[in-house]
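These notes are about the structure you will find just below.
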Amino acid sequence: MTIDTPTKPIKGESRKQQQGIRSLIVPIVLVLLGVMIVLYPVVATQWNNVRQMNVAEQYTSLSKEIPPEQRAAALDEAQAYNAQNTTGPVFDPWLARVSEDNRAYQEYLGILGNGERVPMATILIPKITVKLPLFHGSDEWVLQHGAGHLFGSSMPVGGPSTHAVITGHTGITNATLFDNLINVKEGDSIYLKVYEETLKYQVNEIRVVLPEETSGLDVVPGKDLITLITCTPYGINSHRLLVTAERVPIDAAEAAKVEDEATAIVWQWWMWIAIAVAALALLFLLWWLRGILGRRKRDEQDDEEAPLAQLDGSSDTFIDQTDDQGPSNPGEPTVSK
1 MTIDTPTKPI KGESRKQQQG IRSLIVPIVL VLLGVMIVLY PVVATQWNNV RQMNVAEQYT
61 SLSKEIPPEQ RAAALDEAQA YNAQNTTGPV FDPWLARVSE DNRAYQEYLG ILGNGERVPM
121 ATILIPKITV KLPLFHGSDE WVLQHGAGHL FGSSMPVGGP STHAVITGHT GITNATLFDN
181 LINVKEGDSI YLKVYEETLK YQVNEIRVVL PEETSGLDVV PGKDLITLIT CTPYGINSHR
241 LLVTAERVPI DAAEAAKVED EATAIVWQWW MWIAIAVAAL ALLFLLWWLR GILGRRKRDE
301 QDDEEAPLAQ LDGSSDTFID QTDDQGPSNP GEPTVSK
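Reading the sequence shown from the start, the letters are residues 1 to 337 in UniProt numbering.
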């Protein structure tokens, strides 16, 4: 005869299981938190890169809506500004800040835009996939959101005897900006898009100087120049990298495709390291969980099999004892073996 023995959950075992689950939560949360911290700079940088490209594209779209005569008047105003400011002092953007109350600075903000928070142009460098809005000035807000035009230099509209200086950050944790400017070589192209006009410049000089060495930013008579300036070396910022380019002709076909060539997701070397570290952490977490859960499952199976083994052993003992005692009814004959 088979005897069914219903099993009931034991309170001690249930409490033990709950404690086991809680003991898993803490390491899981810690690992996931670490992964989020490691990946945050990657996500933030890519988010800001895309946002900056979108601002540059919006500038191009909005420029098409401006009446041609209004665009022409704005360009004429910028050219007149350049003609009157051929010998203006140019200072390092990170050492000297212009007072916002400066009258000349306030007048400058009204040229090629309606203020320092509105792009005056876009800068494109296909070699390093740079597509940034170009704002007035070089204060911290500007340099966090794109490239800045250095006040005191020529407006970025081209023309003989002009030298526009464009500044950008290197090494900030939430945007690429000019991080890859060190990869630009002589002969590479840099483009400025002002309203519907695309200006092409070819790099002809690259220098590393001290912050106070600004003589190379002066206007050269008869030359149409731009200089890109950023801090170097990466993370140290003791010097300045100056990339100077001179205006060259551009055809309509090249101008039409340059924006697409400068539009792409930029992956930095440190991003791959961060992604690899995060992936290894997640793989380790999965491996660790698999081992813990597998071990607990085996322990539970052993715990379930132990009572059954004890029950089988008790039944055998009971049968053996019955055989030894003989028939339970004294009146029954005993069969000799």
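Glycine included, every Cβ here is placed at the ideal spot set by N, Cα and C.
Return the chain-ordered list of same chain residues with a C-beta closer than 6 Å to the C-beta of residue i, the five sequence neighbours on each side being excluded.
i, result
"Thr162", "Asn82, Ser154 and Asp224"
"Ala78", "Ile111, Leu112, Met155 and Val157"
"Ala164", "Ser153, Ser154, Pro156 and Ile226"
"Pro41", "Thr173"
"Val194", "Ala121 and Val157"
"Gly171", "Tyr234 and Gly235"
"Leu124", "Lys131, Tyr191, Val258 and Ala262"
"Phe178", "Gly168, Thr170 and Thr230"
"Gln144", "none"
"Ala245", "Ile190, Tyr201, Gln202, Val203 and Ile226"
What is the DSSP secondary structure of residue i, reduced to helix, strand or coil?
i, result
"His145", "helix"
"Leu177", "coil"
"Thr45", "helix"
"Val184", "coil"
"Phe284", "helix"
"Ser235", "Here the sequence assigns Gly to residue 235, which means Ser is not the residue at that position. Residue state, collapsed to three classes: coil."
"Thr60", "helix"
"Asp101", "coil"
"Pro67", "coil"
"Val38", "helix"
"Val55", "helix"
"Val219", "coil"
"residue 340", "As displayed, the chain neither begins before 1 nor continues past 337, which places residue 340 out of reach and without an answer."
"Val90", "coil"
"Asn82", "helix"
With DSSP as the reference, please indicate the residues paired to residue i in a beta bridge.
i, result
"Arg298", "DSSP, once it has assigned bridges, lists no residue as partnering Arg298."
"Leu241", "Val208 and Thr230"
"Val194", "Glu197"
"residue 338", "Because the chain here runs from 1 to 337, residue 338 falls outside it and cannot be looked at."
"Leu225", "His163 and Glu246"
For residue i, which residues of its own chain have a beta-carbon under 7 Å away from its beta-carbon, when the five flanking residues on both sides are left out?
i, result
"Met53", "Lys131 and Thr263"
"Thr176", "Thr45, Asn49, Val266 and Gln268"
"residue 415", "Look at the range of the chain in this structure, 1 to 337, and you will see that residue 415 is not part of it."
"Arg103", "none"
"Gly187", "Gln202 and Val203"
"Thr86", "Ser161 and Val219"
"Thr198", "Tyr191, Ile250, Ala255 and Val258"
"Thr129", "Ala262, Ala264 and Val266"
"Gly34", "Ala281"
"Tyr59", "Pro119, Thr122 and Pro133"
Given a threshold of 16 other Cβ atoms within 10 Å of its Cβ, counted over all protein chains shown, does residue i qualify as buried or as exposed?
i, result
"Cys231", "buried"
"Tyr191", "buried"
"Gly222", "exposed"
"residue 339", "Summary: the structure shown does not reach residue 339, with the chain confined to residues 1 through 337, and so no result is reported for it."
"Glu107", "exposed"
"Ser215", "exposed"
"Leu109", "buried"
"Asp76", "exposed"
"Arg22", "exposed"
"Ala252", "exposed"
"Leu286", "exposed"
"Ala147", "buried"
"Ser61", "exposed"
"Pro27", "exposed"
"Asp92", "buried"
"Lys64", "exposed"
"Ala56", "buried"
"Ala274", "buried"
"Pro126", "buried"
"Lys337", "With a pLDDT of 44 at Lys337, under the threshold of 50, the modelled position of this residue cannot be trusted, and the question is left open."
"Ala73", "exposed"
With a threshold of 8 Å, establish whether the CB of residue i neighbours any heavy atom of the ligand FMN.
i, result
"Asp218", "The ligand FMN is not among the ligands present in this structure, which contains no ligands whatsoever."
Give every residue of the same chain whose Cβ lies closer than 8 Å to the Cβ of residue i, excluding the five residues on either side of it in the sequence, and list them in chain order.
i, result
"Pro90", "At residue 90 the sequence reads Val, which differs from the Pro that was named. So the qualifying residues of the chain are Leu150, Gly152, Ser153, Val165, Thr214, Leu217 and Asp218."
"Val208", "Thr232, His239, Arg240, Leu241 and Leu242"
"Gly159", "Gln79, Asn82 and Asp224"
"Trp288", "Pro27"
"Glu196", "Ser63, Lys64 and Arg71"
"Arg298", "none"
"residue 373", "The structure shown does not extend to residue 373, since the chain is modelled only from 1 through 337, so no value can be given for it."
Beta strand (DSSP E) segments (min. 3 residues) lying fully within the segment 107-171: 121-125, 130-136, 147-149 and 162-167
task: Write down every uninterrupted run of the alpha helix (DSSP H) in the segment 239-276 whose length is 4 residues or greater and which is fully enclosed by it, in chain order.
output: 252-261
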